[in-house]
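What follows is a single structure, written as structure tokens, with notes after it.
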Amino acid sequence: MNRPKRWDQPFDPEMRFEQAEILMARPEFSNIDDSRFPAATPLFDILMNDCRVIEYQPGDLVIREGDYGNSAFLLLAGGLRIVTNPDLPPRILGRGGIRKKNFFAILRQIWRRNKIPEMRKYDSNITQGTEDLRVNLFDAEGAKNVFDFGSDGIKLKDKYHSVLLGGGAIVGEIAALGRVQRTASAYAESKITLLEIRWQGLRDIRKYDPGWRTMIDENYREKMLKTQLETHPDFSDFDTATLNKISAATLFETYGEYEWTRSFRKELAKQSDIIGTDAEPWVAREGDYADGLLLIGAGFARITSSIGKGHRNLGYLSAGDYFGMHELYTAWKDGKEQQWQVSLSALGYLHVLRIPSHVLHELVFPNLQKPPEMPAEQEKKPLSADATLAWAIDERLINGTQSMMINMDLCVRCDDCVRACEAGHDGNPRFLRRGKTQGKWMAAHACMHCVDPVCMIGCPTGAIHRTPEGVVVINDKTCIGCATCANSCPYDNIRMVTIRDTSGNNLHDPNTGEAIKKATKCDLCISQYGGPACVRACPHGALQRIDFKSSNWLKEEI
Amino acid sequence: MILLRRLIFNPDIKIFIFLWLVAASIFFTIAIPLWQAESLLEAPEMVSGYSLFGCILVLGFFRVRKHLSMFSLVKTRWWFTAHAILGLLALAFYVLHVDSWWPQSGYVQLLAVLMFAVTVTGFLGYVIEKVFPMRLTQQGSEILFSQIPEAVHQLISEAENLMLEVNKNTASDTLSRHYLETLKWFFQKPRFVRSHILGGRSAGYWLSQQFVTVNRYLDENEKGYSAQLEKLARKKLDIDFNYTVQGIMKIWLLLHVPLSAALILMSLWHLLLVNIYLL
């Protein structure tokens, strides 16, 4: 199999040449200087391959607050209403449905354990629902609490603050490029036509057209960057004027692949050393001129140094971390030439904010309260200390906030963890006690509740979502069994199951005859008390849930 | 120094020490008054007996707790530690109660046998659970216990197909004869169980000898098949090791749990008899 190429699969295979020509004539694109685009990726081809035109009916939900999306929307015609505050109720957005069980419900679990796997008490007419995936807020359950249905039309209740956007407006670009959650919901006020631009296309238009770049960057600076800088420990003491200057000079860069799904991972597995390849491109290389401080906006990056004919893993960075502060500060203080001492490469997708050196020299370093801390010197440790770190990075375990790590030297293979999980989930265990191993550690197939949840990109109904506590859960009632999340999970931690009725028979779609499936995964026992039952049930303390970012687990292992 | 600091500040160690202190306090709170004022008490055996029975009941609750995983009843690991410590405390109360290691009268000796059997299986289980997981991890290729029969069946089928192939392609039956005479025995059932339990290498040594022996009579073509068969046999060796070690980790509980249930029932019977006839 050849390595897949861009545009092997257009965003919309039915996009027509004439449609792209009409789009090219619109002011948003006609003002773009096409000669700035490389011959391999002309603007017209971006519109043909990275965009699609969609029509929405009044009330159709276009953007769901809290979702991770990889597209931005250009409003071509009609009115799009954005609900800014407060957020729409979770129920109307297809979420919720998970409540803590009360004491008696928990007690009942002792004797009311289902013998039938994946049994659900649904109507017999349940359909798989793969045809019309749109949610219409006007028809949704609980719509009367959100909208006033008057004779003069349907209006959002006064308690919701909202903004109505007209033709030419662009929305969702920050979430798409920054890989962050959407901050507000948007629905079609009237019949609307939208141009959905997927991430790759948006990145290229921004890269080659100064107008789009200025517009997107200004939005980003205004909505995200200031907050990021204000909350950063090294910048939090600076006054607003200085922060504004830093913000204005900051450059935005993106690297790597947005959707590093399972198929992509299989490709990676074929290569022995992917560092520095297209799959893991360089962001900064050892020995090169260090031109600015790198702040990680989203995604992960690997820090390496050259050793022999390969690269030694020294650590990794994730959102909120920075690269090069100590090196740049030391070089500035000593008046030496600035060179990167180590290298940085993008793991999967990486969004970087580059603060140029001259800004650091002028505004940051002279005003620092204390010198930046020296990073941990992994290089001084023996090579054998790298094994677990390299494993955690290569397997992207670093993405986990609740990775199930089992110490196999302590685990007696009793499966009490599996039984405890089963007891809390109606007789259906939500993880597998097997997985990849390194030394005594096994990363079991249980949802890791990732920092960067690839599974949440593309769910058509919003069934998979993150709770305010940070737990990634699936609303069983709104899951349509499309398997988008299961196919996207790079760790194989989401399973599609065929559901059954109370007699134990498989449920089938009456229209297609196909078995009804649902996506299932670990929900950290969110409906129970006392945290994940698997951890509590392990008699030898072998099973742990690890947050790679905040815990010291990895540091202790290396 | 780092190790010492880790030990001191390790919350696990703190709880472990705490549980030991609680167990020791319970024992001495009950035992010292019994020793000091044995003559003043009308029936000191009642105090030690009820203490022993209480210990046995709490020990038995560890099994019940496993079925109550939906309740937040302290992590099971602390129940397990407390279970081990309480087991020793029960043994101490037993000695205090009987006033020797072996009782003199009839059915009470059966109770003592059960008590010792539960203690011995419990101690054995503790050692097994501390030693065997590590051996399994270090062996490398692990297979789920429930998948072992299927894996063995698959291996036998592959080995037999290979023998049919070698007969067909080499026009010689030396290797297949050796398979039927000797190696089939190895493939059919878990073998060298004792060696696997004790950590010996006799299985691997035996296997090497079988292939050294037969390879003397094979040509280069047949040796290729012999190497393939040895690869399958080595896989079987790994499966046997998994079967033995994982099996032992499960089997000891099949002794410990029923014996414990019998001990609880017999203790209850003993309690009833004492209360009805002796008081």
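Here the protein sequences come in this chain order: V and U. So the first sequence is residues 1 to 558, counted in our numbering. So the second sequence is residues 1001 to 1279, counted in our numbering. Ideal placement from N, C-alpha and C gives every residue a C-beta, glycine not left out.
At least one C-beta of chain V is nearer than 7 Å to the C-beta of U/Phe-1080.
Here U/Thr-1244 has Pro-1190, Val-1193, His-1196, Ile-1197 as same chain residues with Cβ atoms under 7 Å from its own Cβ, once five neighbours each way along the sequence are excluded. Against chain U, the beta carbon of V/Met-456 has no neighbour under 8 Å; the closest one sits roughly 28 Å away.
The Cβ atoms of V/Val-171 and V/Phe-73 lie closer than 7 Å to each other. V/Thr-467 and V/Pro-210 have their C-alpha atoms roughly 38 Å apart. In the three-state scheme derived from DSSP, where H, G and I count as helix and E and B as strand, V/Met-15 is classed as coil. At a cut-off of 7 Å between C-beta atoms, U/Arg-1065 does not count as an interface residue with respect to chain V.
Taking 8 Å as the Cβ-Cβ cut-off, the stretch 399 to 419 of chain V approaches chain U at Met-408, Asp-409, Leu-410, Cys-411, Val-412, Arg-413, Cys-414, Asp-416, Arg-419, given in chain order. Apart from sequence neighbours up to five positions away, the residues of its chain that approach U/Asp-1240 with a beta-carbon distance below 8 Å are Pro-1190, Arg-1191, Phe-1192, Val-1193, His-1196, Ala-1203, ordered along the chain. In the DSSP secondary-structure assignment, V/Pro-38 is not bridged to any residue.
Unbroken alpha helix (DSSP H) stretches of 4 residues or longer found wholly inside the stretch 406 to 474 of chain V: 416 to 424, given in chain order.
Interface residue (Cβ-Cβ distance to chain V less than 7 Å): U/Gln-1104 is not classified as such. The beta carbon of V/Gln-200 does not come within 7 Å of any beta carbon belonging to chain U, so the residue lies off that interface. Only exposed fits V/Arg-16, as fewer than 16 other CB atoms lie within 10 angstroms of its CB. Check the Cα spacing between V/Ile-546 and each of V/Cys-489, V/Val-451, V/Ile-494, V/Ile-464: the tightest is with V/Val-451.
Here V/Phe-323 carries a strand assignment [DSSP, helix/strand/coil].
When C-beta distances to chain U are compared with 8 Å, every residue of the stretch 149 to 176 of chain V stays at or above that value. Around the beta carbon of U/Trp-1269, fewer than 16 other beta carbons lie within 10 angstroms, which makes this residue exposed. Distances from the CA of V/Trp-340 to each of V/Met-374, V/Asn-367, V/Ala-319, V/Gly-287 were compared; the closest alpha carbon is that of V/Gly-287. Within a 10 Å sphere around the beta-carbon of U/Gly-1200 sit fewer than 16 other beta-carbons, which makes this residue exposed. For U/Thr-1137, the residues of chain V that pass the 7 Å Cβ criterion are Met-408, Asp-409, Lys-440, in the order they occur in the chain.
DSSP places U/Met-1266 in the helix class (H, G or I) of the three-state scheme. A distance below 7 Å separates the beta carbons of V/Arg-182 and V/Asp-67. As summarised for the stretch 194 to 250 of chain V, the continuous alpha helix (DSSP H) elements at least 4 residues long and confined to that stretch are 199 to 208, 210 to 220, 226 to 231, 240 to 249, given in chain order.
For U/Leu-1144, the C-beta contacts it makes with chain V under 9 Å involve Arg-413, Arg-433, Arg-434, in order along the chain. Below the 9 Å Cβ cutoff, chain U contributes Met-1070 as neighbours of V/Gln-109, in chain order. V/Met-224 and V/Met-119 have their alpha carbons spaced roughly 44 Å apart. Secondary structure remark: continuous beta strand (DSSP E) runs of at least 3 residues inside the stretch 111 to 188 of chain V, in chain order: 147 to 150, 153 to 156, 161 to 165, 185 to 188. Chain V has no Cβ within less than 7 Å of the Cβ of U/Met-1115. Contact between V/Ser-185 and V/Ile-63 holds, since their C-beta atoms are separated by about 6 Å, short of 8 Å.
Proximity of the stretch 1065 to 1083 of chain U to the stretch 525 to 534 of chain V meets the contact definition, three or more beta-carbon pairs being nearer than 8 Å. Listed in chain order, the non-local C-beta contacts of U/Val-1058 below 7 Å within the same chain comprise Leu-1086, local neighbours out to five positions each way being set aside. When 8 Å is used as the limit between beta carbons, U/Glu-1129 is near these residues of chain V: Val-412, His-540, in chain order. With contacts defined by Cβ atoms closer than 7 Å, V/Ile-464 and V/Cys-485 form a contacting pair. The CB of V/Gly-424 comes closer than 9 Å to the CB of Ser-1069, Met-1070 in chain U, given here in chain order. Under the three-state reduction of DSSP, V/Cys-51 is assigned to strand.
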